[in-house]
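Sequence lines, in order, name chains A and B. If you're matching positions, the first sequence starts at 194 in the working numbering and goes up one per residue. If you're matching positions, the second sequence starts at 194 in the working numbering and goes up one per residue. Okay, so here's the structure we're looking at.
There are 2 protein chains.
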Amino acid sequence: MRDPLTRYPGYALRRAAHATTVQLSARLAEMGLKQVHTSILMLLDANPDSTASAIGRQLDIQRANMVPLLKKLEDAGWIARTPIDGKSQGLRLTDNGRETLTRARKVIEDFERELLARVPAEHREHLLPALDALWR
Amino acid sequence: MRDPLTRYPGYALRRAAHATTVQLSARLAEMGLKQVHTSILMLLDANPDSTASAIGRQLDIQRANMVPLLKKLEDAGWIARTPIDGKSQGLRLTDNGRETLTRARKVIEDFERELLARVPAEHREHLLPALDALWR
DNA sequence: TCGGCATTGCTATAATCAACAACAATTGTT
DNA sequence: AACAATTGTTGTTGATTATAGCAATGCCGA
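This is the structure we're talking about:
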């Protein structure tokens, strides 16, 4: 079948993102995580005591939608909240959360390595800069 | 805020796809279209009398989910169905549909051009081949 | 030619996700 | 002190995708 769409970078971008998302999600699911959760854990690991709002801002997740995400992480015992002032609360990883993150990070880094390996060598180092230009 | 995620191509891929999707969707919405609809129209333009199954296969859309998509295109008077045999039906653009596609294609090609323009020249020609390697 | 298998188009449903509006409480700003 | 902005919520919605199942039909090998 003739497919005129495949010559569009934007189309390829969506298809590639979808395909890779499905694959990574499957691996993370084995340890009860989704990509968003892992992103939040990573961000909290690098920025302890950040607020839910700040994390959401960084990940482009609305405050309202952070609520169930954080609830899940808290219920799992991976993060803890400590009041900063009357309205803000700092989030940080628990020891348990740090341990989980270590395993998740391994999954992710393995996956990212595989991703780059799929890209022909002559294009490889261009991928990240090109993508960054599209959203940063 | 320190963001360890930004060094991952997979993450950048998802963010870039999401960002660009939002932008293109906004433009297509002005003419009552979504990206999937436009994709289907393009595929039908290049492959008249394809079946719903074949189109779905090409776009990775399940047969069940093609139904409401095609219904919308048919209700809008953009495609027509003609029986091939007892169980299959060929889809093709109506004149109206071809006209709509012409306008949609302009939106898309303008957008794709802008997309590439955002990418620094030295990375530009690497984008499509790199993305293709990730899903094709 | 016939029997089984695959395909097609479809219904119906469930799960997930992101967007939106609104709110009370609190903080910051002038 | 008054006003504006921020925070963490609740509740709801629409859109999207996945899943299972079904009747009708076409295809292919014995």
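Every residue gets a Cβ at the ideal spot worked out from N, C-alpha and C, and that includes glycine.
Check: Residue ranges of each alpha helix (DSSP H) within the region 238 to 324 of chain A, 4 or longer; Outcome: 245 to 252, 256 to 268 and 288 to 311
Check: Beta-carbon proximity check, A:Q228 vs A:L221, cutoff 8 Å; Outcome: yes
Check: Cβ neighbours of B:Y204 in the same chain (closer than 8 Å, five flanking residues each side left out); Outcome: L198
Check: Span of the alpha helix (DSSP H) around B:T214; Outcome: P202 to A222
Check: Distance CB(B:H316)-CB(A:H230) smaller than 8 Å; Outcome: no
Check: Partner residues on chain A for B:A326, Cβ-Cβ distance less than 8 Å; Outcome: R311, V312, P313 and H316
Check: Three or more C-beta pairs below 8 Å linking the region 212 to 219 of chain A and the region 272 to 280 of chain A; Outcome: no
Check: C-beta neighbour in chain A for B:T214, strict 8 Å; Outcome: yes
Check: Any C-beta of chain A under 8 Å from that of B:S243; Outcome: yes
Check: Beta-carbon neighbours of A:N240, restricted to chain B and to distances below 9 Å; Outcome: M194, R195 and D196
Check: Sub-8 Å separation of A:L321 and A:W271 beta-carbons; Outcome: no
Check: Cβ of A:S232 within 8 Å of any chain B Cβ; Outcome: yes
Check: Per-residue burial, B:P241 [other beta carbons within 10 Å of its own, 16 or more giving buried]; Outcome: exposed
Check: Beta-carbon contacts of B:T293 that lie in its chain and below 6 Å, excluding the five residues immediately before and after; Outcome: W271
Check: Cβ separation of A:L324 and B:A209, assumed to be a contact under 8 Å, to the nearest whole Å; Outcome: 5 Å
Check: Euclidean distance between Cα positions of B:E302 and A:R285; Outcome: 45 Å
Check: Helix, strand or coil at A:M235 [DSSP, three-state]; Outcome: helix
Check: Chain B contact residues for A:R207, given Cβ-Cβ distances below 7 Å; Outcome: A210 and T214
Check: A:M235: contacting residues in chain B (beta-carbon distance under 7 Å); Outcome: P197 and L198
Check: Cross-chain neighbours of A:E305 in chain B, by beta carbon under 7 Å; Outcome: Y201, P202 and G203
Check: Contact under 8 Å by Cβ, A:D253 with A:R291; Outcome: no
Check: Against chain B: residues of the region 281 to 292 of chain A by CB proximity under 8 Å; Outcome: none
Check: Cβ-Cβ distance between B:M194 and A:S232 below 8 Å; Outcome: no
Check: CB contact below 8 Å: B:L263 versus chain A; Outcome: no
Check: Closest Cα partner of B:R296 within the set B:A245, B:M224 and B:Q251; Outcome: B:M224
Check: Neighbour-count burial assignment, B:A245, 16 or more Cβ in a 10 Å radius; Outcome: buried
Check: Exposed unless 16 or more other CB atoms sit within 10 angstroms - verdict on B:A326; Outcome: buried
Check: Within chain A, partners of B:L266 - CB distance below 8 Å; Outcome: Simply none; closest approach about 16 Å.
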